[in-house]
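So the structure is just underneath, and the comments pick up after that.
Residue numbers (our numbering): 31 to 481.
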């Protein structure tokens, strides 16, 4: 039986000594809450070069175009038995995550100017992301504080943690990426699922989509965008270290310990803090090359090169024909628009088709005859990169996932579970109970889920 990541981390960190770097401090296995909103308040004072660099000067701009109108994605509102679809999905997810040993946060960095896209993501989070496994961490520009409460969906039953940070004066989107590399400053979860604000989830997120045999699934490729990321990755990790990159999907998941381990390793091998390295790169690399800064590619190369925390990951080479292909759980919408559709329509299509694919027409009669081709196409493709696994391997993966959802639905059919994992069932609203009971009466005691 696979060990939980919180146990395996001790073994993984022990490889630091073998790689010639000191092991990260023990707080990683037992994280504590951070007291500062802005990671710069903690890290910048320890970085003499970055602390006086123009690149770390604040440039927050007041938000002027925030529209608080919520997004309502178009999907069937109730199941065949009259239960709210969102409650039905969350009941399945609560069963899926019950007893899972590691806490998991969903982590996104955006600002008010990304709010239009973010609202689509958060609408899909309300439906597909499990309650109770951790927090949904939103990191916003410091100038967005006045709007912070409007980012969180009304009536949410997820745990949101909204943080703020000053926006450094950096070329391209480097400031955003450095923030992702500091995700452990804002999150205390064992596992951090990072996602861009212009994505939407398209599948109920069970542990199967994030882990295999107790390890984090991390897809990588050398075929996609060859030569694009090598130089900037090697500027940080070392010449000749680049073998593949991990910017081949959204979201991308890391163990919390890997983030601090990488920064510790950088300080120990380079003799400078990581933010000093970022400032020097911005001073020496031209504006075109800096666009190839890739935080997750650095982490992937670090894991592969040093072996530090590598035991926490199931590295999936999407360029190889594997019997266990990585199955995506989100669409990076601007790069994966449905034919003839815009951002809004593609987002809604992804959510609706993902529901139909996972739950089926027995639970959602509106799905009868509905196409799921768009979502199926996105499960093993990112932009123009198609996984090399055989069609039969991909089909087996999707079918196993659908069987898993069906089995979970059957377990909760007799007793709807509306709360998070590992606790008592939350009390449903009177209207929800009425709808469920009406559905049961109309079907003469049929199961809550009709699989």
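The C-beta atom is built at its ideal place from N, Cα and C for all residues, glycine as well. On a predicted model such as this, the values are computed, not experimentally measured, just so you know.
Asked: Given residue 401 as reference, the closest of 365, 312, 379 once Cα atoms are compared; Found: 379
Asked: Where residue 394 sits in the DSSP three-state scheme; Found: coil
Asked: Exposure label - residue 330; buried when at least 16 CB within 10 Å; Found: buried
Asked: 8 Å Cβ cutoff met for residue 211 and residue 137; Found: no
Asked: At least 3 beta-carbon pairs within less than 8 Å: the segment 153-167 vs the segment 116-136; Found: yes
Asked: Meets three-Cβ-pair contact criterion under 8 Å: the segment 343-360 and the segment 401-410; Found: yes
Asked: CB of residue 150 within 8 Å of CB of residue 220, strictly; Found: no
Asked: Check whether residue 213 and residue 225 have beta carbons under 8 Å apart; Found: no
Asked: Distance CB(residue 202)-CB(residue 323) smaller than 8 Å; Found: yes
Asked: Straight-line gap, residue 309 to residue 295 (C-alpha atoms, nearest Å); Found: 18 Å
Asked: Exposure of residue 234, with buried meaning 16 or more beta-carbon neighbours within 10 Å; Found: buried
Asked: Sequence-distant residues of the same chain with beta carbon closer than 7 Å to residue 382, five excluded per side; Found: 104, 105
Asked: Residue nearest to residue 319 in terms of C-alpha spacing, selected from 339, 349, 264; Found: 264
Asked: Residue 317 vs residue 278 beta-carbon contact at 8 Å; Found: no
Asked: Cβ-Cβ distance between residue 197 and residue 89 below 8 Å; Found: yes
Asked: Per-residue DSSP class, three states only, for residue 91; Found: coil
Asked: Host alpha helix (DSSP H) of residue 109 (start-end); Found: Counting along the chain, residue 109 falls outside any alpha helix (DSSP H), and DSSP gives it neither H nor E.
Asked: Residue 238 and residue 431 closer than 8 Å at C-beta; Found: yes
Asked: For residue 359, the three-state DSSP class (helix, strand or coil); Found: coil
Asked: Host alpha helix (DSSP H) of residue 333 (start-end); Found: 325-336
Asked: Beta bridge counterpart(s) of residue 251 as assigned by DSSP; Found: 275
Asked: Start and end residues, beta strand (DSSP E) containing residue 433; Found: Unbroken run through residue 433 is the alpha helix (DSSP H), 421-442; no beta strand (DSSP E).
Asked: Buried or exposed (CB count within 10 angstroms, at least 16 for buried), residue 227; Found: buried
Asked: Distance between residue 129 and residue 447 (C-alpha atoms, nearest Å); Found: Note on residue 447: pLDDT 47, under 50, position unreliable in the model; the coordinate value appears next. Cα-Cα distance, rounded: 15 Å.
Asked: Nonlocal neighbours in the same chain, by C-beta distance under 6 Å from residue 190, ignoring five residues either side; Found: 166, 182
Asked: Residue environment, residue 95, which counts as buried when at least 16 other CB atoms sit within 10 Å; Found: exposed
Asked: Residue 365, buried or exposed, once every other Cβ within 10 Å from all chains shown has been counted against 16; Found: exposed
Asked: Distance, residue 348 Cα to residue 259 Cα; Found: 17 Å
Asked: Exposed unless 16 or more other CB atoms sit within 10 angstroms - verdict on residue 114; Found: buried
Asked: CB of residue 361 within 8 Å of CB of residue 232, strictly; Found: yes
Asked: Residue environment, residue 256, which counts as buried when at least 16 other CB atoms sit within 10 Å; Found: exposed
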